[in-house]
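A.B. asks: The numbering of the sequence shown is this note's numbering, which starts it at 3 and goes up by one.
Glycine included, C-beta positions come from ideal geometry on N, C-alpha and C.
What follows is a single structure, and I will ask about it in a moment.
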Amino acid sequence: MKVLIATDGSPAARAAVLTARHLPWPDGTQVRGIVAVDGFDATPRLRRALSGTYDAIAAQARRSLAARWPDVEVVTQTGAAANTILREARRYGADVIVIGWRGHGALRRLLMGSVSREVVEGARRAVLVVQRPMRRARRLVVGVDGSPNARRAVDLAGRLAGGTINVRVVRVVEPRTVPTAGRLPASIRTAVLRELATLNQETVRRARRDVDGIARRLARSGTAARGEVRTGTPLVGLLDAVDGAKAHLLVVGARATSGVKRALLGSVAVGALNRCRVPVLVVH
3 MKVLIATDGS
13 PAARAAVLTA
23 RHLPWPDGTQ
33 VRGIVAVDGF
43 DATPRLRRAL
53 SGTYDAIAAQ
63 ARRSLAARWP
73 DVEVVTQTGA
83 AANTILREAR
93 RYGADVIVIG
103 WRGHGALRRL
113 LMGSVSREVV
123 EGARRAVLVV
133 QRPMRRARRL
143 VVGVDGSPNA
153 RRAVDLAGRL
163 AGGTINVRVV
173 RVVEPRTVPT
183 AGRLPASIRT
193 AVLRELATLN
203 QETVRRARRD
213 VDGIARRLAR
223 SGTAARGEVR
233 TGTPLVGLLD
243 AVDGAKAHLL
253 VVGARATSGV
263 KRALLGSVAV
273 GALNRCRVPV
283 LVVH
């Protein structure tokens, strides 16, 4: 596995570097750091001053990462931050990009920073978004919904976990409802609601078979795993599962929109990035 870790020296970026050091990457994982330098017009004197600043940021990241990867290289590249990170990820062949998250405003609005958002949306593989540093990763929650990217999320979680982590595979089923049922005649309403209850029960049973099957597959590869089905709003259910499991990491699949050149995040992935208390790994 190849991992690219982006930093700009901010607290969120330092949290990303620290978190990357403590994740259970597979044996043989190769790591590279990058400091993206905005290539705006500046006087030679200002460029020299900024060059020294960026060199110091790169050196700091190198020292931190060398505690685990002694031969790690941290490069400095010039260009718009998100594009520079994505370009280096493609060149390096990164399986995962690690990047910090920044909130905005005095009221700490839960908005993902523009660079983080652009990287997550434009990446071809997986992106780990970190807001707060994580020094251990013993419990993972993987959100699944039957999509191809969710299956890739499970596969990546299995590669991370090995025999050292407990994985909870969570599927949140949103019950079907009939908002206008109260206006129907009593006899029809009873039949409709009965049929709806049957459909919802069958959906939950299928979801249960799905998560149990995934958990068994992970277990066969040596990862301790269990399935869990919740009902309710997908994002709320997934965040509740993270809290209930006291998870250290949430793994979700990004939903791609057909006909659009770049992958757009689904509402659950966006909500998780903005609201989850632990780092979120978004898998394309």
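Can you find at least 3 beta carbon pairs, one from the stretch 114–130 and one from the stretch 211–230, that sit closer than 8 Å?
C.D. replies: Result no; under three Cβ-Cβ pairs closer than 8 Å.
A.B. asks: Return the CA-CA distance between residue 27 and residue 70, expressed in angstroms with no decimal places.
C.D. replies: Position 25 of the sequence shown, counting from 1, holds the residue named residue 27. Position 68 of the sequence shown, counting from 1, holds the residue named residue 70. Cα to Cα, the separation comes out at about 11 Å.
A.B. asks: Are the CB atoms of residue 271 and residue 2 within a distance shorter than 8 Å?
C.D. replies: Outside the shown range of the chain, which is 3 to 286, sits residue 2, and nothing can be said about it.
A.B. asks: With DSSP collapsed to three states, give me the class of residue 182.
C.D. replies: Counting from 1 along the sequence shown, the entry for residue 182 is found at position 180. Three-state result, residue 182: coil.
A.B. asks: Excluding the 5 residues flanking residue 186 on each side, which residues of the same chain have their C-beta closer than 7 Å to its C-beta?
C.D. replies: By one-based count along the sequence shown, residue 186 stands at place 184. For residue 186, where only same-chain residues beyond five positions count, the Cβ hits under 7 Å are 194.
A.B. asks: Please name the residue, chosen from 160, 118, 273, 180, that lies closest to residue 238 on a Cα-to-Cα basis.
C.D. replies: Residue numbering aside, residue 238 sits at position 236 when the sequence shown is read from its first letter. It is 273.
A.B. asks: Who does residue 175 pair with in a DSSP beta bridge?
C.D. replies: Your numbering for residue 175 matches position 173 in the sequence shown. DSSP lists 233 as partners of residue 175.
A.B. asks: Are the beta-carbon atoms belonging to residue 21 and residue 15 less than 8 Å from one another?
C.D. replies: Within the sequence shown, residue 21 is the residue found at index 19, counting from 1. Within the sequence shown, residue 15 is the residue found at index 13, counting from 1. No, the Cβ-Cβ distance between residue 21 and residue 15 is not below 8 Å.
A.B. asks: Which one of 95, 54, 88 has the shortest CA to CA distance from residue 119?
C.D. replies: One-based indexing of the sequence shown puts residue 119 at position 117. For residue 119, the nearest C-alpha among the options comes from 88.
A.B. asks: Can residue 289 and residue 74 be called in contact, C-beta distance under 8 Å?
C.D. replies: The structure shown has nothing for residue 289, since the chain only spans 3 to 286.
A.B. asks: Please go through the same chain and pick out, in chain order, the residues whose beta-carbon is closer than 6 Å to the beta-carbon of residue 84, but skip the five residues on each side of it.
C.D. replies: If you number the sequence shown from 1, residue 84 lands on position 82. Counting only Cβ-Cβ distances below 6 Å, and skipping sequence neighbours, we find 117, 120, 121.
A.B. asks: Contact between the stretch 219–226 and the stretch 154–171 is defined here as three or more beta-carbon pairs at a separation below 8 Å; is this criterion met?
C.D. replies: As far as the Cβ criterion goes, the stretch 219–226 touches the stretch 154–171, which means the pair count is three or higher.
A.B. asks: Tell me the DSSP secondary structure of residue 221 in three-state form.
C.D. replies: Here the question's residue 221 lines up with position 219 in the sequence shown. It is helical.
A.B. asks: Would you mind sorting residue 203 into buried or exposed? The rule is 16 or more other CB atoms within 10 Å of its CB.
C.D. replies: On the sequence shown, position 201 is the one that residue 203 refers to. Classification for residue 203: exposed.
A.B. asks: In the DSSP assignment, the alpha helix (DSSP H) including residue 272 goes from what residue to what residue?
C.D. replies: Locating residue 272 in the sequence shown gives position 270, where the first residue counts as 1. Its alpha helix (DSSP H) spans residues 269–277.
A.B. asks: Look at the alpha carbon of residue 35 and the alpha carbon of residue 151, and state the distance between them as a whole number of angstroms.
C.D. replies: Here residue 35 corresponds to residue number 33 of the sequence shown, with the count starting at 1. Here residue 151 corresponds to residue number 149 of the sequence shown, with the count starting at 1. In a straight line, the C-alpha of residue 35 is about 26 Å away from that of residue 151.
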